[in-house]
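When we follow our numbering, the leftmost residue of the sequence shown carries the number 3, and every step to the right adds one.
Report on the following structure.
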Amino acid sequence: MEANGMKQQDEGTVRYREPYKPGGVLIIIAVLLVLAGIVLSQSMVITEQDEYTLIRQFGKVDHIISEPGLTFKIPFMQTSETLPKKILVTDLPASDVITMDKKTMVADSYVLWRVSDPLKFVQTLNSQISNAEARISTTVYNSIKNVISSMSQNEVISGREGRLSDTIMENIGDTMDGYGIELLSVETKRLDLPSDNKQAVYERMISERNNIAASYTAEGESEAMKIRTATDNEISVNISAAEAEAEKLIAEGEAEYMRILSAAYADEDRADFYTFVRALDAAKIALSGENKTLILSSDSPLVQIFNNVE
Numbered sequence: 003m004e005a006n007g008m009k010q011q012d013e014g015t016v017r018y019r020e021p022y023k024p025g026g027v028l029i030i031i032a033v034l035l036v037l038a039g040i041v042l043s044q045s046m047v048i049t050e051q052d053e054y055t056l057i058r059q060f061g062k063v064d065h066i067i068s069e070p071g072l073t074f075k076i077p078f079m080q081t082s083e084t085l086p087k088k089i090l091v092t093d094l095p096a097s098d099v100i101t102m103d104k105k106t107m108v109a110d111s112y113v114l115w116r117v118s119d120p121l122k123f124v125q126t127l128n129s130q131i132s133n134a135e136a137r138i139s140t141t142v143y144n145s146i147k148n149v150i151s152s153m154s155q156n157e158v159i160s161g162r163e164g165r166l167s168d169t170i171m172e173n174i175g176d177t178m179d180g181y182g183i184e185l186l187s188v189e190t191k192r193l194d195l196p197s198d199n200k201q202a203v204y205e206r207m208i209s210e211r212n213n214i215a216a217s218y219t220a221e222g223e224s225e226a227m228k229i230r231t232a233t234d235n236e237i238s239v240n241i242s243a244a245e246a247e248a249e250k251l252i253a254e255g256e257a258e259y260m261r262i263l264s265a266a267y268a269d270e271d272r273a274d275f276y277t278f279v280r281a282l283d284a285a286k287i288a289l290s291g292e293n294k295t296l297i298l299s300s301d302s303p304l305v306q307i308f309n310n311v312e
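Below, the structure written as structure tokens:
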């Protein structure tokens with residue numbers, strides 16, 4: 003026996019045995035673990051909340067995973083790819099459209115959509131979002147053109163909030179269902195006039211609105227004049243009636259006064275007293291100036307009253 007090995011002699015034959023080395027086994031185990039890790043990584047499929055996972059076998063879609071979580075596939079035979087499950091936004095290029103009254107307008111819109119049937123999406127659009135956006139752009143533009151061409155410019159402008167979008171969606175209908183796409187909404191960012199005739203149209207619209215305002219003002223003034231005239235007539239009638247009633251009451255009061263006065267001086271003594279009082283009032287009025295001398299003729303009624311008093 004030697005330090006580095008063992009020699010045996012048997013009938014003239016000499017054999018040499020290598021010493022045991024444990025490092026070779028560890029390398030084999032490590033290689034196996036690496037291969038196992040590679041196989042495991044090729045087998046695992048992680049699906050996120052906002053995506054579909056397509057499992058292909060030899061290039062053909064074998065099945066579709068729509069629920070989030072961890073699943074497995076056959077390594078090296080099956081491959082996986084993802085499609086978005088969330089709502090997507092496609093911005094359409096601004097384009098010219100012509101209204102029913104032959105007015106050109108510029109429509110700038112965007113579309114909200116999502117993949118509703120991943121298998122149809124793969125079969126018809128080859129899983130390409132760019133292919134889907136091109137198809138959506140063409141379909142929506144044709145719908146916008148058809149809808150606006152059936153409306154006048156004023157109708158388009160007045161219906162740009164909500165009603166126009168609903169009409170476009172109705173016109174599209176279920177056209178995109180065959181591609182596995184669901185259109186959620188078509189929204190208009192800008193629906194405007196071309197820059198070359200925008201100012202002229204604005205001036206015409208301002209003129210029309212001014213004419214409408216002037217018409218409303220004239221109608222209001224005419225109605226106000228009618229109300230003022232009717233009110234003045236009613237006031238005149240009421241004043242005339244009040245004056246007539248006042249004259250009537252005055253006449254009745256004077257008549258009552260004369261009746262009372264006549265009754266008060268019905269006998270001779272009272273009549274003489276009344277005549278005396280009236281004579282004094284007349285004398286008082288005659289002596290009211292600076293000249294305090296009263297000259298009367300002998301046959302004056304006032305002299306006769308004073309003579310009777312004596």
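Every residue gets a Cβ at the ideal spot worked out from N, C-alpha and C, and that includes glycine.
Item	Value
Alpha-carbon spacing of Asp283 relative to Ala246, whole angstroms	34 Å
Rounded C-alpha distance that separates His65 from Ile57	5 Å
Phe60 - containing alpha helix (DSSP H), residue span	First-last for Phe60: undefined, no H or E at that position.
Whole-angstrom distance between Thr233 and Ile241, CA atom to CA atom	12 Å
Residue-level contact to chain B via CB, Ile138, 9 Å cutoff	Absent from the structure is chain B; it holds one protein chain and no more.
Where Glu53 falls, given that 16 or more other Cβ within 10 Å makes a residue buried	buried
Neighbourhood of Leu85 by C-beta, 7 Å cutoff - its chain only, sequence neighbours within 5 removed	Glu53, Tyr54, Leu56, Val117, Pro120, Phe123 and Ser129
Same chain only: Cβ atoms within 7 Å of Ser97, ignoring 5 sequence neighbours per side	Ala109 and Tyr143
Three CB pairs or more closer than 8 Å across the segment 131 to 148 and the segment 172 to 189	yes
CA-to-CA distance, Ile237 to Glu210, given in whole angstroms	41 Å
Simplified DSSP assignment, three categories, for Ile31	helix
Through-space distance from Lys228 to Asn173, alpha-carbon basis	51 Å
Local Cβ density within 10 Å of Thr231, reported as buried at 16 or more and exposed below that	exposed
Nearest candidate by alpha-carbon position, reference Ser145, set Leu166, Glu256, Thr126 and Gln51	Leu166
Rounded straight-line distance, which links the Cα of Ser45 to that of Leu185	35 Å
One or two residues paired with Ser139 in a DSSP bridge	None, per the DSSP bridge assignment.
Span of the alpha helix (DSSP H) around Gln2	Residue numbering for the chain in the displayed model covers 3 to 312; residue 2 lies beyond these limits and cannot be assessed.
Other residues of its chain near Gln80: CB distance less than 6 Å, five sequence neighbours each side excluded	Ile57 and Gln59
Under 9 Å between C-beta atoms of Lys88 and Ser82	no
Cut-off 7 Å between Cβ atoms - residues of its own chain near Thr141, not counting five sequence neighbours on either side	Ile174, Thr177 and Met178
Pair within 9 Å by beta-carbon distance, Val47 and Leu28	no
Per DSSP, cross-strand counterpart(s) of Pro86	Glu53
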